[in-house]
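Numbering (full-length UniProt numbering), first residue to last: 1 to 129.
Positions of the beta carbon are idealized from the N, C-alpha and C atoms, including for glycine.
Worksheet: the structure to be examined is printed underneath.
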DNA sequence: TTTCTTACA
DNA sequence: TGTAAGGA
């Protein structure tokens with residue numbers, strides 16, 4: 001279909017602003033080539049951008065994403081890239097599981113508070129009659 | 001503190 | 001386009 005894309009085409013397709021895409025470029029996450037002054041994105045750039053957005057959704061920072069993407073260009077075997085992915089994924093899993101424990105504890109406390117409050121209310125209504 | 005947007009030269 | 005400033 002399309003071999004090349006402009007920032008605005010990619011922005012519309014991916015649901016982000018062109019400014020955000022330029023921001024990612026400024027941060028070194030992507031490096032589309034130029035035709036004069038205008039950016040030309042190919043499928044490779046598009047793939048990297050998709051990976052950036054997916055990684056963002058998983059909660060990784062732009063710095064972490066760049067770390068990962070840099071290894072794609074640096075390491076032929078991509079062993080270090082996969083290794084980093086494993087480490088980062090495990091770290092992220094640990095973070096989320098800790099958040100879940102915190103959330104569970106907060107929920108348990110709130111359930112207890114609600115239970116006691118409902119109990120007190122029921123007792124009051126029983127004595128009144 | 002990071003990730004963007006807005007605004008201006 | 002680069003960057004300062006500011007919101008979330």
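Residue i classed as buried or exposed, judged by whether at least 16 other C-beta atoms fall within 10 angstroms
| i | result |
| --- | --- |
| residue 45 | buried |
| residue 5 | buried |
| residue 110 | exposed |
| residue 10 | buried |
| residue 7 | buried |
| residue 121 | exposed |
| residue 96 | exposed |
| residue 52 | buried |
| residue 29 | buried |
CB contact flag (residue i, residue j, <7 angstroms)
| i | j | result |
| --- | --- | --- |
| residue 55 | residue 65 | yes |
| residue 68 | residue 50 | no |
Residues sharing a beta bridge with residue i, DSSP
| i | result |
| --- | --- |
| residue 40 | 33 |
| residue 4 | The partner list for residue 4 (beta bridge, DSSP) is empty, contrary to what the question assumes. |
Pairwise C-alpha distance: residue j and residue i
| i | j | result |
| --- | --- | --- |
| residue 13 | residue 19 | 14 angstroms |
| residue 48 | residue 62 | 12 angstroms |
| residue 92 | residue 70 | 20 angstroms |
| residue 103 | residue 58 | 19 angstroms |
| residue 113 | residue 124 | 17 angstroms |
| residue 117 | residue 101 | 24 angstroms |
| residue 16 | residue 106 | 35 angstroms |
| residue 72 | residue 37 | 27 angstroms |
| residue 89 | residue 35 | 37 angstroms |
| residue 78 | residue 98 | 30 angstroms |
Candidates the options, of which the one nearest residue i by Cα
| i | options | result |
| --- | --- | --- |
| residue 42 | 88, 86 and 3 | 3 |
| residue 39 | 53, 22 and 29 | 22 |
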